[in-house]
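Asks: Residue numbers (our numbering): 196 to 409. Every residue, glycine too, gets a C-beta built ideally from N, C-alpha and C. Just so it is clear, the structure is predicted and the values come from calculations on it, not from any experiment.
#1: Check each candidate in 320, 292, 374 and 310 and name the one with the smallest Cα separation from residue 387.
#2: Pick from 298, 197 and 225: whose alpha carbon is nearest that of residue 206?
#3: Check whether the region 270-288 and the region 245-261 are in contact - that is, three or more C-beta pairs closer than 8 Å.
#4: Three-state secondary structure (DSSP) at residue 355?
#5: Beta strand (DSSP E) containing residue 334: first to last residue?
#6: For residue 380, does the three-state DSSP call read helix, strand or coil?
#7: Per DSSP, which residues does residue 252 bridge with? Please list them.
#8: Considering Cα atoms alone, identify which of 278, 304, 314 and 300 is closest to residue 268.
#9: Since residue 230 sits in a beta bridge, which residues does DSSP pair it with?
#10: Would you please state the rounded distance, in angstroms, between the beta carbons of residue 220 and residue 277? I believe it to be under 8 Å.
#11: DSSP puts residue 401 in a beta bridge; with which residues?
#12: Are the beta-carbon atoms of residue 323 and residue 394 separated by less than 8 Å?
#13: Contact defined as beta carbons within less than 8 Å: I believe residue 316 pairs with residue 305. What is the distance between those atoms, to the nearest angstrom?
#14: Residues in the same chain with beta-carbon distance under 8 Å from residue 212, minus the five sequence neighbours each way, listed in chain order, please.
#15: Alpha carbon to alpha carbon, what distance is there between residue 294 and residue 332?
#16: Report the rounded CA-to-CA distance for residue 380 versus residue 301, giving the unit in angstroms.
#17: Can you tell me whether DSSP reads residue 375 as helix, strand or coil?
#18: Using a 10 Å radius around the Cβ and a threshold of 16 neighbouring Cβ atoms, would you call residue 334 buried or exposed?
#19: Assign residue 416 to buried or exposed, taking buried as 16 or more other Cβ atoms, counted over all protein chains shown, within 10 Å of its Cβ.
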């Protein structure tokens with residue numbers, strides 16, 4: 196869901212010249228500056244290395260819910276997959292800014308009781324050790340989908356469909372409680388353009404970055 200919102204903002208941004216979207220399934224969007232790459236094995240990017248060079252930024256929005264998963268499986272899909280992709284990109288693009296979509300409540304100590312938070316924290320810590328120009332770890336909480344963006348998780352989509360008007364109201368009254376897919380995308384672009392104060396970008400900072408002028 197976040198990836199859809201980020202892609203929209205990248206397509207709208209005049210200073211974004213080229214986008215390569217790597218995924219297992221085709222996107223519905225078509226655009227002159229969008230190049231889709233279908234790739235089934237997300238643990239082996241060697242066949243794509245010639246396509247992954249010369250980029251200023253990576254917005255890594257791939258993620259899964261931990262619901263119903265054991266720690267081994269969730270770690271494989273969250274930590275292993277992310278680090279394979281990030282390590283490849285760091286080697287090919289040392290001047291790249293890498294932005295990872297994590298989540299509010301992530302446990303940087305890697306020692307808490309929440310399994311998903313520990314794994315996310317482990318992933319964040321490993322990313323910070325890679326030789327990128329900069330790494331930013333976005334930790335949104337409640338995200339409101341806008342502009343036709345839909346969650347691929349049926350339960351989440353049902354939640355957003357029912358509570359959409361409520362989330363809009365909360366965003367106006369308590370803007371620090373909710374972000375939108377549009378806000379996250381704009382904030383990511385601003386972090387690439389101008390940087391962010393800290394590597395960990397919490398909900399309030401996401402809103403602040405999104406409100407900045409380009």
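Replies: Quick look at the numbers:
#1: 292
#2: 225
#3: yes
#4: At residue 355, the pLDDT of 48 sits below 50, so the modelled position is not reliable; the number obtained from the coordinates is stated separately. Note: residue 355 maps to helix in three-state DSSP.
#5: 329-334
#6: helix
#7: 292
#8: Nearest Cα to residue 268 within the set 278, 304, 314 and 300: 314.
#9: 215
#10: Taking 8 Å as the upper bound for CB-CB distance, residue 220 and residue 277 are not in contact here, some 19 Å apart.
#11: Residue 401 is not bridged to any residue.
#12: yes
#13: 5 Å
#14: The beta carbon of residue 212 is closer than 8 Å to those of 228 in its chain, skipping five residues each way along the sequence.
#15: 6 Å
#16: 20 Å
#17: strand
#18: buried
#19: The question about residue 416 has no answer, for the chain in this structure spans 196 to 409.
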